[in-house]
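Asker: Those sequence lines, one after another, are chains A and B. FYI, in full-length UniProt numbering the residues of the first sequence are 1 to 334. FYI, in full-length UniProt numbering the residues of the second sequence are 1 to 334. Beta carbons are placed, not taken as given, at the ideal position from N, Cα and C, and that holds for glycine.
There are 2 protein chains.
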Amino acid sequence: MSNPVLVEVLRGGLVESRHAGAVAVADAEGGLVLALGDVERPVFPRSAVKAFQALPLIESGAADRLGLTEAEIALAVASHGGEPAHVETATAMLAKAGVDASALECGAHRPSYAKAAQALIRAGLKPSALHNNCSGKHAGFICTACAAGIEPAGYIAAAHPVMREVMGAVADMAGAATSGPGVGIDGCSIPTQAAPLAAVARGFARFGTGAHLGPERARAAARIRAAVAAHPHMVAGTERFCTEIMQIFGIRAFVKTGAEGVFCAAFPELGYGVALKCDDGTTRASELMMAAVIGKLLPLSEGEGQALQRFLTPAMKNWNGTEVGSLRPAGPLA
Amino acid sequence: MSNPVLVEVLRGGLVESRHAGAVAVADAEGGLVLALGDVERPVFPRSAVKAFQALPLIESGAADRLGLTEAEIALAVASHGGEPAHVETATAMLAKAGVDASALECGAHRPSYAKAAQALIRAGLKPSALHNNCSGKHAGFICTACAAGIEPAGYIAAAHPVMREVMGAVADMAGAATSGPGVGIDGCSIPTQAAPLAAVARGFARFGTGAHLGPERARAAARIRAAVAAHPHMVAGTERFCTEIMQIFGIRAFVKTGAEGVFCAAFPELGYGVALKCDDGTTRASELMMAAVIGKLLPLSEGEGQALQRFLTPAMKNWNGTEVGSLRPAGPLA
């Protein structure tokens with residue numbers, strides 16, 4: 001059974017391209033409020049579950065012991081653009097752990113925010129691991145280790161005590177695999193754990209409400225949500241969907257993207273969690289799918305509705321600035 | 001009826017993402033040698049039919065009158081990387097037409113080849129229309145106009161005499177629309193004309209063999225194929241699929257990519273043309289689909305088979321260089 005087409009790309013008077021996918025919206029008990037496509041097949045939620053991966057940083061007491069700020073906690077959940085503020089914040093987290101950038105094991109890549117990448121080239125500098133979109137998450141792992149007196153080196157391996165905690169948190173929250181074919185390696189070298197969208201959505205309903213979580217985990221989840229809502233630029237960056245959506249909705253919508261077309265969200269006021277994946281892994285489609293889910297579920301003021309509109313029918317312009325096409329939600333998301 | 005999954009993306013022990021699509025392989029009479037998915041639905045073949053769009057440049061006598069070189073003819077068919085050789089060649093074409101880069105109406109964008117883009121930033125220069133991947137095609141349109149004493153300004157409009165010839169050639173070769181909902185605007189601002197994959201494939205069978213073409217068109221097609229085979233770097237560039245495939249196969253395989261996941265080819269020795277589209281518009285999938293079609297159809301020497309292998313199962317590496325996944329042909333392409 002193939003998943004339904006949920007996003008169409010228009011050009012001229014025709015549908016030029018199509019994106020199929022699956023969407024799960026669940027409550028904290030796992031009841032499915034919305035299920036489009038196959039929501040029971042395991043998928044890799046990738047960076048969309050960074051909030052779950054950051055739970056041990058809070059629960060272990062490391063964030064308090066090292067005096068991490070709200071902005072630093074937000075960066076621990078980020079897929080950031082490598083902008084100066086992101087690099088400075090990751091650097092500060094590492095300093096609090098008593099180490100420097102050489103402790104990062106995520107690998108280096110050019111800032112994903114184009115202007116930051118260009119500035120680096122103009123300055124004649126090479127990108128470092130601090131520019132890696134996952135450097136905040138990795139700095140969080142290193143903080144977790146150092147605050148507990150654990151040697152951080154090798155923290156990306158499944159057998160490292162910090163990564164065991166991290167993988168345990170993802171397994172608890174999302175019913176994710178901890179071994180076998182459902183464990184792959186992510187772009188930043190840590191394990192990525194497959195889970196069904198339905199289970200991930202249930203996990204985000206719990207993350208958003210604290211329901212079915214122990215008191216310590218519920219407090220950690222609330223603290224992470226508050227940190228990201230207060231610092232939406234930290235979690236992604238300039239011209240980024242996650243940042244702009246949370247600038248509109250604040251604490252009402254925690255949204256987080258992941259590679260290969262995954263997107264997760266928590267809407268605390270509704271008690272719902274969301275997990276979706278575009279089959280083909282394309283971000284333009286996963287973002288539109290998330291915008292459509294927000295539009296369908298969240299009660300919107302007139303201003304919020306207007307602000308959401310450009311995410312629902314984004315225009316495609318050519319190199320002369322002429323609008324040549326657009327995207328739209330399709331099928332059951334239309 | 002949805003199209004079949006033709007490409008799978010693997011991570012851990014799971015299929016992480018899937019690309020559906022359609023493939024038509026036809027002979028010059030339009031007989032379908034291979035038809036996967038819906039090959040009768042009109043699609044925009046985008047830059048994959050630049051070879052058809054360049055026919056008037058040759059047939060009008062403009063290429064001869066202006067003394068265009070083989071490399072310049074190859075660039076007229078290109079989606080190039082904006083590398084220095086591409087920019088210099090486009091500049092030379094415009095000079096032969098008696099104009100300069102200000103005559104280009106394609107718009108400016110950064111070179112698509114990253115190292116060329118970085119060199120431009122380091123030099124403190126802005127990208128110009130010469131760096132646009134379509135600048136050679138546009139230079140060809142301008143040459144066609146100027147050699148005939150036609151004012152080139154406005155050549156991107158469907159009503160311009162040169163664009164009428166160009167659209168007529170695409171309509172003749174591929175059964176493409178010349179008006180109505182099947183005409184959109186391309187990234188470089190010229191019209192893009194929808195046609196069924198089956199008809200586009202038949203057009204490339206004719207382009208590759210000259211069958212069912214008048215003698216003048218057959219000669220023009222052969223001249224374009226020879227130019228591209230002799231200058232595969234001109235038609236795309238460094239680290240580009242089209243260039244590398246034609247460096248392997250020379251005149252035996254004319255291959256040309258287009259935006260939104262289209263790919264076309266001509267295999268003259270077999271008398272076949274190919275047109276395919278990945279439904280979701282992703283290039284990683286359309287390239288793999290084309291590699292799989294080549295592997296299925298073209299007789300390969302041992303060396304050619306080995307050279308093709310890395311295009312058939314490309315590895316995905318993370319930022320530490322660890323192999324974390326791979327792509328493979330799937331379903332009827334496996």
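Considering only the alpha carbon of each residue, which of A:P4, A:V39, A:E8 lies closest to A:A198?
Answerer: For the purposes of this step, residue 198 of chain A is identified with residue 198 of the first sequence, where counting begins at 1. Nearest option by C-alpha distance: A:V39.
Asker: Which residues, taken in chain order from the region 174-195 of chain A, show a beta carbon closer than 8 Å to some beta carbon of chain E?
Answerer: No chain E appears in the structure shown, which is made up of the protein chains A and B.
Asker: What does a CB cutoff of less than 8 Å around A:T282 pick up in its chain, not counting 5 residues either side in sequence?
Answerer: Mapped onto the first sequence, residue 282 of chain A falls at position 282. Hits under 8 Å: H19, G261.
Asker: Roughly how many angstroms separate the alpha carbons of A:V7 and A:D280, rounded to a whole number?
Answerer: On the first sequence, position 7 is the one that residue 7 of chain A refers to. On the first sequence, position 280 is the one that residue 280 of chain A refers to. Straight-line Cα distance between these residues: approximately 12 Å.
Asker: Could you check where the alpha helix (DSSP H) with A:P56 kicks off and where it finishes?
Answerer: Start at 1 with the first residue of the first sequence, and residue 56 of chain A comes out as number 56. Counting along the chain, the alpha helix (DSSP H) containing A:P56 begins and ends at 55-59.
Asker: The alpha helix (DSSP H) spanning A:C278 covers which residue range?
Answerer: Position 278 of the first sequence, counted from the first residue, corresponds to residue 278 of chain A. First-last for A:C278: 272-278, but that is the beta strand (DSSP E), not the alpha helix (DSSP H).
Asker: Exposed or buried, which one is B:A144 when buried takes at least 16 other CB atoms within 10 Å?
Answerer: Indexing the second sequence from 1 puts residue 144 of chain B at position 144. Checking the sequence shown, residue 144 of chain B turns out to be Thr, not Ala. With 16 or more other Cβ atoms within 10 Å, it is buried.
Asker: At a Cβ cut of 7 Å, what residues of the region 44-59 of chain A count as close to chain B, listed as they run along the chain?
Answerer: Within the region 44-59 of chain A, the residues whose Cβ lies closer than 7 Å to some Cβ of chain B are F44, listed in chain order.
Asker: Quick one: which residues of the region 14-28 of chain B get their C-beta closer than 8 Å to a C-beta of chain A? List them in chain order.
Answerer: Those residues of the region 14-28 of chain B that come within reach of chain A (Cβ to Cβ, closer than 8 Å) are L14, E16, S17, R18, H19, A20.
Asker: If you measure from the beta carbon of B:D38 to each beta carbon in chain A, is any gap under 8 Å?
Answerer: Working through the second sequence from its first residue, we reach residue 38 of chain B at position 38. With 8 Å as the cut-off, B:D38 does not count as an interface residue toward chain A.
Asker: So with CB distances below 7 Å, who are the chain A contacts of B:D280?
Answerer: Position 280 of the second sequence, counting from 1, holds the residue named residue 280 of chain B. Chain A residues near B:D280: S17, R18, H19, D280, T282.
Asker: Threshold first: 3 residues or longer. Then list the beta strand (DSSP E) segments lying entirely within the region 144-190 of chain A, N to C.
Answerer: With a minimum length of 3 residues, the continuous beta strand (DSSP E) runs that stay inside the region 144-190 of chain A are 183-185.
Asker: Of all the alpha helix (DSSP H) runs that stay within the bounds of the region 207-246 of chain A, which reach a length of 4 or more residues?
Answerer: You should have 215-230, 232-235.
Asker: Taking the alpha carbon of A:G107 as the reference point, which residue from B:S326, B:G321, B:A330 has its own alpha carbon closest?
Answerer: By one-based count along the first sequence, residue 107 of chain A stands at place 107. For the residues B:S326, B:G321, B:A330, the minimum Cα distance to A:G107 belongs to B:G321.
Asker: For A:F52, I'd like the list of residues in its chain whose CB is within less than 6 Å of its CB, leaving aside the five on either flank, ordered along the chain.
Answerer: Within the first sequence, residue 52 of chain A is the residue found at index 52, counting from 1. The residues are A169, V170, M173.
Asker: Find the residues of chain B that neighbour A:A108, judging by a C-beta separation of less than 8 Å, and give them in chain order.
Answerer: What you label residue 108 of chain A is simply residue 108 of the first sequence in a count that begins at 1. Within 8 Å Cβ-Cβ: W319.
Asker: Counting only runs that start and end within the region 72-137 of chain B, where is the alpha helix (DSSP H) found for 4 or more residues in a row?
Answerer: The qualifying runs are 84-96, 114-122.
Asker: Got a sec: is the Cβ-Cβ distance from B:I121 to anything in chain A below 8 Å?
Answerer: As a first step, residue 121 of chain B must be located in the second sequence, where it is residue number 121. B:I121 counts as touching chain A.
Asker: Below 8 Å, can you find three or more Cβ-Cβ pairs linking the region 20-32 of chain B to the region 290-300 of chain A?
Answerer: Taking 8 Å as the limit for Cβ pairs, the verdict is that the region 290-300 of chain A does not touch the region 20-32 of chain B.
Asker: Do we get a CB-CB distance below 8 Å when we pair A:V9 with the residues of chain B?
Answerer: For the purposes of this step, residue 9 of chain A is taken as the residue at position 9 of the first sequence. For A:V9, the answer is yes, since a Cβ of chain B falls inside 8 Å of its Cβ.
Asker: Measuring only between beta-carbons, confirm whether B:T322 sits less than 8 Å from chain A.
Answerer: On the second sequence, residue 322 of chain B is found 322 positions in, with the first residue counted as 1. Judged by the 8 Å Cβ criterion, B:T322 is in contact with chain A.
Asker: Say whether chain B places a C-beta atom closer than 8 Å to the C-beta of A:G82.
Answerer: The residue labelled residue 82 of chain A in the question sits at position 82 within the first sequence. A:G82 does not count as touching chain B.
Asker: Please decide whether B:S2 counts as near chain A, where near means a Cβ-Cβ distance under 8 Å.
Answerer: In the second sequence, residue 2 of chain B corresponds to position 2, counting from 1. Yes, because at least one Cβ of chain A sits closer than 8 Å to the Cβ of B:S2.
Asker: Starting from the Cα of B:V324, find the closest Cα among B:V15, B:P4, B:S2 and give me that residue.
Answerer: Stepping through the second sequence from its first residue, residue 324 of chain B is reached at position 324. Cα-wise, what sits closest to B:V324 is B:V15.
Asker: Counting only Cβ pairs nearer than 7 Å, list the residues of chain B close to A:G258.
Answerer: By 1-based counting over the first sequence, the position of residue 258 of chain A is 258. Those within 7 Å of A:G258 in chain B number zero; the least Cβ separation is about 11 Å.
Asker: By a C-beta neighbour count over all protein chains shown, 10 Å radius and 16 as the cutoff for buried, is B:K115 buried or exposed?
Answerer: Reading the second sequence from its first residue, position 115 is the one you call residue 115 of chain B. Exposed, by the Cβ-count rule.
Asker: So which of B:A159, B:L66, B:I142, B:I248 has the shortest CA-CA distance to B:E151?
Answerer: Numbered from its first residue, the second sequence carries residue 151 of chain B at position 151. Nearest C-alpha to B:E151: B:I142.
Asker: At a CB-CB cut-off below 8 Å, which residues of chain A make contact with B:G261?
Answerer: For the purposes of this step, residue 261 of chain B is taken as the residue at position 261 of the second sequence. Here the neighbours are S17.
Asker: A:A211 to A:Y272, Cα distance in whole Å?
Answerer: One-based indexing of the first sequence puts residue 211 of chain A at position 211. One-based indexing of the first sequence puts residue 272 of chain A at position 272. Cα to Cα, A:A211 sits roughly 11 Å from A:Y272.
Asker: Cβ atoms of A:I73 and A:I248: under 8 Å apart, would you say?
Answerer: Along the first sequence, read from residue 1 onward, the residue named residue 248 of chain A stands at position 248. Along the first sequence, read from residue 1 onward, the residue named residue 73 of chain A stands at position 73. For A:I248 and A:I73, no; Cβs fall outside 8 Å.
Asker: Roughly how far, in whole angstroms, is the beta-carbon of B:L57 from the beta-carbon of B:G140, given that I think they are within contact range, below 8 Å?
Answerer: Working through the second sequence from its first residue, we reach residue 57 of chain B at position 57. Working through the second sequence from its first residue, we reach residue 140 of chain B at position 140. The Cβ separation is near 5 Å, so the contact holds.
Asker: From B:L333 to A:H160, what distance separates their C-alpha atoms?
Answerer: Locating residue 333 of chain B in the second sequence gives position 333, counting from the first residue. Locating residue 160 of chain A in the first sequence gives position 160, counting from the first residue. So the alpha carbons of these two residues sit roughly 41 Å apart.
Asker: Looking at chain A, is there any beta carbon in it that lies within less than 8 Å of the beta carbon of B:P111?
Answerer: In the second sequence, counting from the first residue as 1, residue 111 of chain B sits at position 111. B:P111 does not count as touching chain A.
Asker: Does B:Q309 come within less than 8 Å of chain A when only Cβ atoms are used?
Answerer: Here residue 309 of chain B refers to the residue found at position 309 of the second sequence. Not one chain A Cβ lies under 8 Å of B:Q309.
Asker: A:M167: which of A:I190, A:G154, A:P181 sits nearest, CA to CA?
Answerer: For the purposes of this step, residue 167 of chain A is identified with residue 167 of the first sequence, where counting begins at 1. Nearest of A:I190, A:G154, A:P181 to A:M167, Cα basis: A:I190.
Asker: Which residues mark the beginning and the end of the alpha helix (DSSP H) in which B:S286 is found?
Answerer: Position 286 of the second sequence, counted from the start, is the residue given in the question as residue 286 of chain B. Per DSSP, B:S286 belongs to the alpha helix (DSSP H) from 283-297.
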